[in-house]
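Q:
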Amino acid sequence: MAELWSLPITELSERLRSGRTSPVELLEAYLDRIERHNPVLAAFVHINANARAAAEEAHAAIRDGDWKGALHGIPIAVKDNHTTADMPTHAGSEVPLDLPEEDGAAVARLRAAGAVLIGKTRMHEFAWGMETPPARNPHDADRVPGGSSGGSGVAVAAGFAAAALGSDTGGSIRIPASLCGCVGLKPTFGLIGRSGIVPHSWSLDHAGPLAASVADAALLAAVMAGPDRDDPGSAGREADDWSDALGAGVRGMTVGVCRTHFFEALDAEVEAATEAAIRGLAAAGAHIVEFEVPELSAALGAIFAVELASSTTYHLPRLRDGSVARFAPDVRLLVEMGRLVSAVDYLQAERYRRHLGQRFAVIFRDVDAVLSPTMPLTAWRVGQREVTIADRPESVLAVSWRLTHPWNLLGAPAISVPFGVDRSRLPIGVQVAAAPHNEKDMLRVAMEIENRGGGPMARVGFPGSRS
Amino acid sequence: MTLDPANLLKLLGLDLPPDRLEEVVGVFKEIRAEIDKLHALDLADLHPAVVFRPIEAEKRDG
Numbered sequence: 067m068a069e070l071w072s073l074p075i076t077e078l079s080e081r082l083r084s085g086r087t088s089p090v091e092l093l094e095a096y097l098d099r100i101e102r103h104n105p106v107l108a109a110f111v112h113i114n115a116n117a118r119a120a121a122e123e124a125h126a127a128i129r130d131g132d133w134k135g136a137l138h139g140i141p142i143a144v145k146d147n148h149t150t151a152d153m154p155t156h157a158g159s160e161v162p163l164d165l166p167e168e169d170g171a172a173v174a175r176l177r178a179a180g181a182v183l184i185g186k187t188r189m190h191e192f193a194w195g196m197e198t199p200p201a202r203n204p205h206d207a208d209r210v211p212g213g214s215s216g217g218s219g220v221a222v223a224a225g226f227a228a229a230a231l232g233s234d235t236g237g238s239i240r241i242p243a244s245l246c247g248c249v250g251l252k253p254t255f256g257l258i259g260r261s262g263i264v265p266h267s268w269s270l271d272h273a274g275p276l277a278a279s280v281a282d283a284a285l286l287a288a289v290m291a292g293p294d295r296d297d298p299g300s301a302g303r304e305a306d307d308w309s310d311a312l313g314a315g316v317r318g319m320t321v322g323v324c325r326t327h328f329f330e331a332l333d334a335e336v337e338a339a340t341e342a343a344i345r346g347l348a349a350a351g352a353h354i355v356e357f358e359v360p361e362l363s364a365a366l367g368a369i370f371a372v373e374l375a376s377s378t379t380y381h382l383p384r385l386r387d388g389s390v391a392r393f394a395p396d397v398r399l400l401v402e403m404g405r406l407v408s409a410v411d412y413l414q415a416e417r418y419r420r421h422l423g424q425r426f427a428v429i430f431r432d433v434d435a436v437l438s439p440t441m442p443l444t445a446w447r448v449g450q451r452e453v454t455i456a457d458r459p460e461s462v463l464a465v466s467w468r469l470t471h472p473w474n475l476l477g478a479p480a481i482s483v484p485f486g487v488d489r490s491r492l493p494i495g496v497q498v499a500a501a502p503h504n505e506k507d508m509l510r511v512a513m514e515i516e517n518r519g520g521g522p523m524a525r526v527g528f529p530g531s532r533s
Numbered sequence: 015m016t017l018d019p020a021n022l023l024k025l026l027g028l029d030l031p032p033d034r035l036e037e038v039v040g041v042f043k044e045i046r047a048e049i050d051k052l053h054a055l056d057l058a059d060l061h062p063a064v065v066f067r068p069i070e071a072e073k074r075d076g
């Protein structure tokens, strides 16, 4: 029989609803995994002392016929930059932030749906990095899990929680999902309210889930979506009904492949896996079209201008009082560097975003979804600073978000789905994106890829361990 | 009037010690090159993506 911690939410919720498994039993299964493996993987920074009481409450409610829905009694982990009523929030920093102990919009919706918040996951400090030290990749503890939602990626892949909440400013949900081998979904900008998230870059920050399957990710995103009056960027609407998308297949769809930018300088095994995914979609009846967007060559400058300027603005109090000196050296450098971005740089970047949006709006008239690798490479070794891919030396930080950040500039939905492994058995992620508010077509393609990859991910089993 | 570079840096809000500023600027050079690609684009009269929206007031009940 499959271990409880290995099952997707879609299976767990049926077990909880029918009474075959209690939320307390399920919580204990995850806590046992955390106790055994978190000392090495360092995914969690806080375990919720109230989780057991919440699980017991869910158990009693379900027993009494008051089932709230598919998340009722399901343990979910929360990235450490979402404020929570019953747990402290540090955004991965040792510098005191004096953040309120109250639920942000996404967390409040999870809690209202009956989810049990199991703990807070480690993140790269202030969401400014792709490694999340000292967290380790469950597939190879000598390698990084990615970031900034690295602890959330580890928690899902290692079976520490049914799913986890993340945030994504340039790829911070999809990058750890790709490196850890789980699904990471960044919905349309503002569809999930961001109030309660420690800001990194106001016009680029997105909230979203990391999960064990496309269906689980869609379920979580739909629950968390909705108007948020405390988020000026809120889309002000509920999620569309995506349920039809998950079983619809891709026959008749048009899937776009943008060879410029998204297929440049890729690891050969990542490239081969992505080409296999494209062939799979074609075999399933999708029409594959190629298109070019030369303007993407300016995307890196745009996201740097917006992200640096925004982050530095947010951290002005800490620059003023000198506490920035207590940031990790890489984060401090970036926060201090933002002062070198001018208002002209920033506004030109925002004009470019509008231009790029107009270009893609034309493309999305004929293309339902866009496919690419999530990242040009698989998980790199802890301490490694540079990689050479296709004879091109590049810093791991520069290479890691190259394929994800365009969708943040566009505010468009994007998802990373595991699709095969490389020769070191490290997961490869494939990215599917679609036009803003067209999560439905993105999910149709993502489901097809997941099915062709052998179904939902398998959590890491840790050979030699009894659980 | 002669321009004192130290005062210029302060005027621009770059109040970092000189050696630290040199380190930060050194790393920023590559990013500057990327941002410069934006400046080379002809975006005609396109407005930026983020625009100002006035905040509507909510009347008190009663």
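The listed protein sequences derive, respectively, from chains A and B.
So the number in my numbering is just where the residue sits in the first sequence, counting from 1, plus 66.
So the number in my numbering is just where the residue sits in the second sequence, counting from 1, plus 14.
Each residue gets a CB set at the ideal place from its N, CA and C atoms; glycine is no exception.
1. At 7 Å on the CB atoms, spell out the chain A contacts of P62(B), in chain order.
2. Could you check the C-alpha separation between R489(A) and G219(A) for me, to the nearest Å?
3. Checking contacts by CB at 8 Å: is A391(A) closer than that to chain B?
4. So K12(B) contacts chain A; which residues on that side make the cut at Cβ distance below 7 Å?
5. Helix, strand or coil: which one does DSSP assign to M67(A)?
6. Of the residues K186(A), P242(A), A193(A) and A334(A), which one's Cα is nearest the Cα of V210(A)?
7. Taking Cβ positions, are R398(A) and V407(A) nearer each other than 8 Å?
8. Does any residue of chain A bring its CB to less than 8 Å from the CB of E72(B)?
9. Kindly list the residues whose CB is nearer than 8 Å to the CB of S110(A), restricted to its own chain and excluding five residues on each side of it in sequence; keep chain order.
10. Rounded to a whole number of angstroms, what is the C-alpha to C-alpha distance between P479(A) and G351(A)?
11. Taking only the alpha-carbon atoms, compute the straight-line gap between V496(A) and E337(A) and give it to the nearest angstrom.
12. Spell out the partners DSSP gives V498(A) in its beta bridges.
13. In whole angstroms, what separates the C-alpha of N116(A) from that of Y412(A)?
14. Compare the C-beta of L463(A) with all C-beta atoms of chain B and state if any pair is closer than 8 Å.
15. Taking just the CA atoms, how far does S215(A) sit from G232(A)?
16. Could you tell me which of Y96(A), R129(A), A126(A) and V483(A) sits nearest to I113(A), measuring between CA atoms?
17. For the beta strand (DSSP E) holding A221(A), just list the boundary residues, first then last.
18. Going straight from the alpha carbon of E167(A) to that of G262(A), what length do you get?
19. I'd like to check one pair, F357(A) with L469(A): are the Cβ atoms closer than 8 Å?
20. Could you check whether the Cβ of E48(B) sits closer than 8 Å to any Cβ belonging to chain A?
21. When you compare the CB of G195(A) with every CB in chain B, is at least one pair closer than 8 Å?
22. Given a cut-off of 8 Å, decide if P459(A) and A331(A) are closer than it, judged by their beta-carbon atoms.
23. List, in order along the chain, the chain A residues whose C-beta lies closer than 8 Å to that of F66(B)?
24. Does L285(A) pass the burial test, meaning 16 or more other C-beta atoms within 10 Å, or should it be called exposed?
25. What's the C-alpha gap between A291(A) and A464(A)?
26. Going by Cα to Cα distance, which pick from F192(A), W446(A), V483(A) and L362(A) is closest to F426(A)?
27. Below 7 Å on C-beta distance, what does G27(B) contact in chain A?
28. Could you give the residue range of the alpha helix (DSSP H) that holds I45(B)?
29. Compute the distance between the beta-carbons of E514(A) and G318(A), then report whether it is under 8 Å.
30. Which word fits Q424(A), buried or exposed, when buried means at least 16 other C-beta atoms lie within 10 angstroms of its C-beta?
31. From the DSSP output, which residues share a beta bridge with C324(A)?
32. For L55(B), which residues in chain D fall below 9 Å Cβ to Cβ?
33. Tell me whether A349(A) sits in a helix, a strand or coil according to DSSP, three-state version.
34. Flag I30(B) as yes if its beta-carbon sits less than 8 Å from any beta-carbon of chain A, otherwise no.
35. With L276(A) as the anchor, note down where its beta strand (DSSP E) starts and where it stops.
36. Cβ of L23(B) less than 8 Å from any chain A Cβ?
A: On the basis of the supplied data:
1. Within the second sequence, numbered from 1, the residue matching residue 62(B) stands at position 48. Near P62(B) (Cβ distances below 7 Å), the residues of chain A are L413, E416, R417 and R420.
2. Against the first sequence, residue 489(A) aligns to sequence position 423. Against the first sequence, residue 219(A) aligns to sequence position 153. One C-alpha to the other measures close to 21 Å.
3. Taking the first sequence and counting its residues from 1, one reaches residue 391(A) at position 325. No, because no Cβ of chain B sits closer than 8 Å to the Cβ of A391(A).
4. The question about residue 12(B) has no answer here: the residues shown for chain B are numbered 15 through 76.
5. Taking the first sequence and counting its residues from 1, the one referred to as residue 67(A) is at position 1. Look at M67(A) here: in three-state DSSP terms it is coil, with no helix or strand label.
6. The residue you call residue 210(A) lines up with position 144 of the first sequence. Among K186(A), P242(A), A193(A) and A334(A), the Cα nearest to that of V210(A) belongs to P242(A).
7. Here residue 398(A) is taken as the residue at index 332 of the first sequence, counted from 1. Here residue 407(A) is taken as the residue at index 341 of the first sequence, counted from 1. No. Outside cutoff.
8. Position 58 of the second sequence, counting from 1, holds the residue named residue 72(B). Judged by the 8 Å Cβ criterion, E72(B) is not in contact with chain A.
9. If you number the first sequence from 1, residue 110(A) lands on position 44. In the sequence on display, residue 110(A) carries Phe and not Ser. Excluding residues within five positions, the ones whose Cβ falls inside 8 Å are I100, N104, A143, G185, K186, T187, R188, G217, A221 and F226.
10. Position 413 of the first sequence, counting from 1, holds the residue named residue 479(A). Position 285 of the first sequence, counting from 1, holds the residue named residue 351(A). Each residue's alpha carbon lies about 23 Å from the other.
11. Counting from 1 along the first sequence, the entry for residue 496(A) is found at position 430. Counting from 1 along the first sequence, the entry for residue 337(A) is found at position 271. Looking at the two C-alpha atoms, the distance is approximately 10 Å.
12. To locate residue 498(A), count along the first sequence from 1; it is residue 432. Looking at the DSSP output, V498(A) sits in a beta bridge with L437(A) and I481(A).
13. One-based indexing of the first sequence puts residue 116(A) at position 50. One-based indexing of the first sequence puts residue 412(A) at position 346. Approximately 43 Å between the Cα atoms of the pair.
14. Reading the first sequence from its first residue, position 397 is the one you call residue 463(A). In terms of beta-carbon proximity, L463(A) stays away from the interface with chain B, with every pair separated by 8 Å or more.
15. For the purposes of this step, residue 232(A) is identified with residue 166 of the first sequence, where counting begins at 1. For the purposes of this step, residue 215(A) is identified with residue 149 of the first sequence, where counting begins at 1. A direct Cα-Cα distance of roughly 6 Å separates G232(A) from S215(A).
16. For this step, residue 113(A) is matched to residue 47 along the first sequence. Here the closest residue by C-alpha is Y96(A).
17. Here residue 221(A) refers to the residue found at position 155 of the first sequence. That residue, A221(A), is in no beta strand (DSSP E); its alpha helix (DSSP H) goes G216 to A223.
18. Counting from 1 along the first sequence, the entry for residue 167(A) is found at position 101. Counting from 1 along the first sequence, the entry for residue 262(A) is found at position 196. Cα-Cα distance, rounded: 10 Å.
19. If you number the first sequence from 1, residue 469(A) lands on position 403. If you number the first sequence from 1, residue 357(A) lands on position 291. No.
20. Against the second sequence, residue 48(B) aligns to sequence position 34. Answer yes: the Cβ-Cβ gap between E48(B) and chain A drops below 8 Å somewhere.
21. Locating residue 195(A) in the first sequence gives position 129, counting from the first residue. No, no contact with chain B.
22. Numbered from its first residue, the first sequence carries residue 331(A) at position 265. Numbered from its first residue, the first sequence carries residue 459(A) at position 393. The Cβ atoms of A331(A) and P459(A) lie no closer than 8 Å to each other.
23. By one-based count along the second sequence, residue 66(B) stands at place 52. Near F66(B) there are no residues of chain A at all, since even the closest Cβ is about 11 Å away, more than 8 Å.
24. Locating residue 285(A) in the first sequence gives position 219, where the first residue counts as 1. L285(A) comes out buried.
25. Sequence index remark: in the first sequence, residue 291(A) carries index 225 (1-based). Sequence index remark: in the first sequence, residue 464(A) carries index 398 (1-based). The alpha-carbon separation between A291(A) and A464(A) amounts to approximately 31 Å.
26. Working through the first sequence from its first residue, we reach residue 426(A) at position 360. When each option's Cα is compared against that of F426(A), the closest is L362(A).
27. Numbered from 1 along the second sequence, position 13 holds the residue referred to as residue 27(B). The answer, in chain order, is R405.
28. Position 31 of the second sequence, counted from the start, is the residue given in the question as residue 45(B). Start and end: P32 to H53.
29. Translated into positions along the first sequence, residue 514(A) becomes position 448. Translated into positions along the first sequence, residue 318(A) becomes position 252. No, these two residues do not count as a Cβ contact at 8 Å.
30. Taking the first sequence and counting its residues from 1, one reaches residue 424(A) at position 358. Q424(A) is exposed by the Cβ-count criterion.
31. One-based indexing of the first sequence puts residue 324(A) at position 258. Per DSSP, the beta bridge partners of C324(A) are F357(A).
32. Included in the structure are the protein chains A and B, with no chain D among them.
33. Numbered from 1 along the first sequence, position 283 holds the residue referred to as residue 349(A). Per DSSP, reduced to three states, the secondary structure at A349(A) is helical.
34. Numbered from 1 along the second sequence, position 16 holds the residue referred to as residue 30(B). Looking at the sequence provided, one finds Leu at residue 30(B) rather than Ile. Taking Cβ atoms only, chain A reaches closer than 8 Å to L30(B), which makes this a yes.
35. Here residue 276(A) is taken as the residue at index 210 of the first sequence, counted from 1. Run containing L276(A): H272 to A277, per the beta strand (DSSP E) assignment.
36. In the second sequence, counting from the first residue as 1, residue 23(B) sits at position 9. Contacts with chain A at 8 Å (Cβ-Cβ) do not include L23(B).
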